[in-house]
Structure formats: structure tokens, C-alpha cells
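Residue numbers (the numbering used here), protein chains in the order written: chain L, 2 to 313; chain H, 2 to 259.
Here it is as C-alpha cells:
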């Protein structure tokens, strides 16, 4: 029996119409229940159980969980969240499923360690994650470098950082920079020149655009911190000699303390405040700065410059 | 090879193709190309890993599903359609029928794996832009997956020789799952005491050890595979498949087909 053309056409139209209608309805339902699709739930939280359930296909499951961790961090970071409750468990599951997934340690530690909104504010968990990675990948010098970085930047533990760099320097084919870092960290841990050296090396030792953009942003922030410190010192010198604060940077120029109008790394002039402090014009545009911000300033999620991420 | 076995094997292969078994290649192509294109946008630093992990896992799972669902019907379908009586009324031995069916399905799976392997390497070339020497280990992983198919096919045939298709599917799939835990089972046996120890040890050696045939994660990380492992796995898979096939022949030889 030949199929009826009329029925075929009617059913095809009905099929498409029902499909479109169901999609539209589902979107409407999602709007009515906004939290229902984005609940912070880990249905199976035990990495060991998940490893067993994977039936030996643990590599693929690790990739899925790593992607989930990236998506979770990205969405929370975008929303400038102050809590990243699932991040550490997701990274733990990922690395137990595939202990050799080094990318999860490198990026995961950078997601965990910095304070919100730049990260989860869990530097100790970041150290644990990286140490776990080192246990399974003892010949990967980058993990020791990451560990030293966390000790240095987040925990300000220069002894721990020196130890991590020293351990890394003993790995075959390790970057020679680790040996220098270990020695310098022990002597000059808290100095700004040390920080600049670390971020410069971080920029040079990777081809990943996001890591390079992050390093450039930190280098810019270091320059601002250095500029603000130097300018406030000049203001103090001016006050000591004239017994009053300068009303603008022109006063400092007239006094011969400053040769030109000071500008931040983005080319904007610094602001001299009535109380003698120095601020940047647009603190949101220069992430990670610790000085030069208005009192009570809360930094938003860092936005990198297009030129940083394009690699130009 | 015995010409009668060859004839039954080629017929089994043709029947599988007629049953559109190779249509799974379309699903595989969509899956692997989708992963190759999308993963770079939603994740960080795992484009190559996902292509290898997802590609080889899909090759393995698709093949296991085909091995089980085609394998369980190889004997029962012939009985239901009464074509078995036509075959056995000719100068064909029962063991030749079973062995021919085994080679026919194994051949189907090898052809299927060959086309999927081309897909995996094409996706790998797309994400990496070039091949490297470590990619050669993926071929070893694919070879181990084929060895896994031989074991699963022989088991499906064994169960199909004495039980209904539904029960045979349940048995074969259960053994696939238990086989994936074989190393855990041996660990449990080592810890157990008395009669439990002997029972667990017997069970651990009776179920197929599929975990040693799964090297997907290690080749994804470009880790080399020891020659000794390749030789041992080959011998083990051939011996285990041979054992299951002998069991299938023994049962089928004594089965009352009237």
C-alpha cells in the first residue's frame, strides 16, 4: 500500500510544530524556575565510586569532569561569585579518575588559589591538589613551579615556595629558572622585583594565551603598585619640605621632584587625592592592583585587554 | 581455513551488513567530529585527549554492544527461522557452524573498528594538525579493543548456544561488567580467607580479565605499551576466546535440536 501524501505532509508539519512548541514551552519553564537547571549538585561525590562505575573508561570520564570544572568556574567567575563550593570536589574527582591529567593541576590550582572573585580563595586546597599531581607526575617540573607560585603569591610562604622550586630544580630537564627561583626566593621573597621576575617567567614559559594574559595583567598591576608607592613617597617628601600637601602633580614638577606627568600602564594620568594618596583613574581596567584604589574598593572579575589575549 | 567455516563466516558478515549493523558508523562519525570541534571551545587543554579517549571508548562500547546483541542471536535466530536445519542437513559439522559464526561476527567487528579508527585518526589530525610517533600507541589500544571483541563475541556465542537471546544478553553483559572489575576481584580474593578465598579466586580466574585490555587512558597520555603486555594480552585473549568457543561447541554438539 502506498503511503498517503496527505497524511505524510500533515504528520511532518505536526511533528515540526510539536517539536518547536515543546522547545518554547521548556524555555518558558526554565524562566519560571531559574534555579532548577543550575543546582550545585554532585550526584556522586566519591571519586573512587565514580572510578569503579566508569568500567575502565575513566579517561573519558575525567575529561568530562574537567570540562564540568572549567564550565563551573567560568560561570561562577563571570557572575563574580564569592563561593565556589563544587570546584574543589570536581577537581578532586577529575584527578582521581585520571591522575596524569596535568592540565587539571595547572589550571585547577589557579582556579582554587586566588581570593574571590578571581578564584575560590582556597590556596591550601590548591597546594594539596598540586602535591597530589606531583605524586603521580614527579617528572613534570611545571607542577613544582605552580606549587612554588601558589606558596609565593597566595600564601606569602617564601620558605614553602623556595622548597617547591628547589624540588622542581632536581627534576631531570627542569627549566634552569627553578634553581634561580629557589635561591632568590630564600633571600628576597617579599620584594617586588622578585614578583616581576616570577610573572615574566610565567609569561615566557607558556604558549597558553589565557596564562599569558593573566601574567601581563599581573605585571601591569605590579607597575601600578610600584608607581603609587613611589609617587606617595614623593608627596611625603614634598610635604616634609613645604609643610603642606601638593594640590596636583604640577606642584611636584615645579619642586623638581617629578620630570613628567605620571601615567599608568594604560596611559591614563594618576589622580592625586586631597589626602595625599595616589589613585588610578579606572581601577576596574587594571586588575590585581593592591594600591591606588579608592577606599573600600571591591575589585570586579578581572577583564584582560584584547591585545593580551590575542597575543599581538 | 576450512572452506565451510569460511562460507558460514562470510554469510554471517553479509547478514550483519544487511541488518544495517554498520550504520553505527554514522553515529560514531557525528560523535567524534562533534567532540573534535566543540571541546576546544568548552574546555581547556584537552582537545587531543578527548579525541583519543572519546574515540577509543566509543569504538570499544559500540563494538561490545554489537558483539553482544548480534552474538546472542547467531544461533537462536537460525533455529527460529529453521535455516539451521538446512545448513546442518548439508555436509557441515555443528562445530564448523559455531566457529564460522564466530569468525563472521569477529570479521564484522574488525571492519567496523577499521572504519572507526580512520575516524579517530582524522579527528586527531584535525585537532593536532599533525601526527606524532606516540600516536602509534593508539593502534595498539585499537588492537586490544579487537581482542576484547573476540572475548565478548565468544562469550555471547557460548550463552547463545544454550539459552534464550534475552538471558544470553544478560549473561554476556554481566560478564563484560564483571570482567572490567577483574583486577578488583583478584584483590578481593587475595584478602579473603578459607572457602571464600578459594571461591573468589576461582571466580576471579574464570571471568575474563578485560581491565588489562583497556589501555585507552595511558595511550591518551602518550605512554608507551610494553611488548610483553602486547604478547601476553594476545595470548590471553586467544586462549580465553578459544575456551569459550570450545564450550559453545561442546554444548551445541550435545544440544537436541528436534
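Where a beta carbon is used, it is the ideal one built from N, C-alpha and C, also for glycine.
Here's the rule: buried if 16 or more other CB atoms are within 10 angstroms of the residue's CB, otherwise exposed. What is residue i?
i                      : result
residue 213 of chain L : buried
residue 77 of chain L  : buried
residue 16 of chain L  : exposed
residue 15 of chain H  : exposed
residue 199 of chain H : exposed
residue 35 of chain H  : exposed
residue 20 of chain L  : exposed
residue 162 of chain H : buried
residue 312 of chain L : For residue 312 of chain L, the predicted structure reports a pLDDT of 45, less than 50, and the residue's modelled location is therefore unreliable. The matter cannot be settled from this model.
residue 219 of chain L : buried
residue 230 of chain L : exposed
residue 126 of chain L : buried
residue 218 of chain H : buried
residue 247 of chain L : buried
residue 87 of chain H  : exposed
residue 147 of chain L : buried
residue 128 of chain L : buried
residue 29 of chain H  : buried
Using 8 Å as the threshold, is the C-beta distance between residue i and residue j below it?
i                      : j                      : result
residue 1 of chain H   : residue 228 of chain H : In this structure chain H extends from 2 to 259, so residue 1 of chain H is not present and cannot be described.
residue 100 of chain H : residue 258 of chain H : no
residue 348 of chain H : residue 110 of chain H : The question about residue 348 of chain H has no answer here: the residues shown for chain H are numbered 2 through 259.
residue 77 of chain H  : residue 56 of chain L  : no
residue 102 of chain H : residue 9 of chain H   : yes
residue 105 of chain H : residue 11 of chain H  : yes
residue 185 of chain L : residue 223 of chain L : no
residue 279 of chain L : residue 269 of chain L : no
residue 232 of chain H : residue 216 of chain H : no
residue 214 of chain H : residue 61 of chain L  : no
residue 71 of chain L  : residue 165 of chain H : no
residue 221 of chain H : residue 50 of chain H  : yes
residue 149 of chain L : residue 165 of chain L : yes
residue 157 of chain L : residue 226 of chain L : no
residue 123 of chain L : residue 89 of chain L  : yes
residue 142 of chain H : residue 37 of chain H  : no
residue 265 of chain L : residue 228 of chain L : yes
residue 51 of chain L  : residue 69 of chain L  : no
residue 202 of chain L : residue 178 of chain L : yes
residue 254 of chain H : residue 95 of chain H  : yes
Locate the alpha helix (DSSP H) running through residue i, then write down its first and last residues.
i                      : result
residue 241 of chain H : 228 to 254
residue 99 of chain L  : Run containing residue 99 of chain L: none; DSSP gives neither H nor E here.
residue 234 of chain L : 210 to 243
residue 208 of chain H : Per DSSP, residue 208 of chain H belongs to no alpha helix (DSSP H) and is neither H nor E.
residue 165 of chain L : 159 to 170
residue 34 of chain H  : 25 to 43
residue 127 of chain H : 95 to 129
residue 270 of chain L : Taken as a continuous stretch (DSSP letters only), residue 270 of chain L belongs to no alpha helix (DSSP H), as it is neither H nor E.
residue 141 of chain H : 137 to 161
residue 133 of chain L : 124 to 137
residue 77 of chain H  : 74 to 81
residue 107 of chain L : 103 to 113
residue 260 of chain H : Residue 260 of chain H lies beyond the range of chain H shown here (2 to 259); nothing can be said about it.
residue 282 of chain L : Counting along the chain, residue 282 of chain L falls outside any alpha helix (DSSP H), and DSSP gives it neither H nor E.
residue 12 of chain L  : 6 to 33
residue 16 of chain H  : 4 to 19
Kindly list the residues whose CB is nearer than 8 Å to the CB of residue i, restricted to its own chain and excluding five residues on each side of it in sequence; keep chain order.
i                      : result
residue 97 of chain H  : 3, 5, 6, 9
residue 69 of chain H  : 153, 157, 170, 173, 174, 177
residue 159 of chain H : 245, 246, 248, 249, 252
Among residues of its own chain, excluding the 5 on either side of residue i, which ones have a beta-carbon nearer than 7 Å to its beta-carbon?
i                      : result
residue 102 of chain L : 63, 67, 95, 96
residue 167 of chain L : 183
residue 180 of chain L : 170
residue 134 of chain L : 96, 103, 106, 144
residue 286 of chain L : 267
residue 204 of chain H : 186
residue 10 of chain L  : none
Please look up how many angstroms separate the CB atoms of residue i and residue j, rounded, as I've assumed it's under 8 Å.
i                      : j                      : result
residue 301 of chain L : residue 18 of chain L  : Contact doesn't hold; Cβ gap of about 45 Å is too wide.
residue 146 of chain H : residue 197 of chain H : Contact doesn't hold; Cβ gap of about 34 Å is too wide.
residue 58 of chain H  : residue 58 of chain L  : 5 Å
residue 169 of chain L : residue 142 of chain L : 5 Å
residue 298 of chain L : residue 284 of chain L : 6 Å
residue 121 of chain H : residue 47 of chain H  : Contact flag wrong, Cβ pair sits at about 16 Å.
residue 26 of chain H  : residue 116 of chain H : 5 Å
residue 155 of chain L : residue 100 of chain L : The pair is not a contact, with the Cβ atoms about 24 Å apart (cut-off 8 Å).
residue 151 of chain L : residue 110 of chain L : 6 Å
residue 273 of chain L : residue 255 of chain L : So it is not a contact: roughly 13 Å between Cβ atoms.
residue 211 of chain H : residue 183 of chain H : 6 Å
CB-CB under 6 Å to residue i, same chain, minus the five flanking residues each way: which ones, in chain order?
i                      : result
residue 61 of chain H  : 146
residue 204 of chain L : 213, 216
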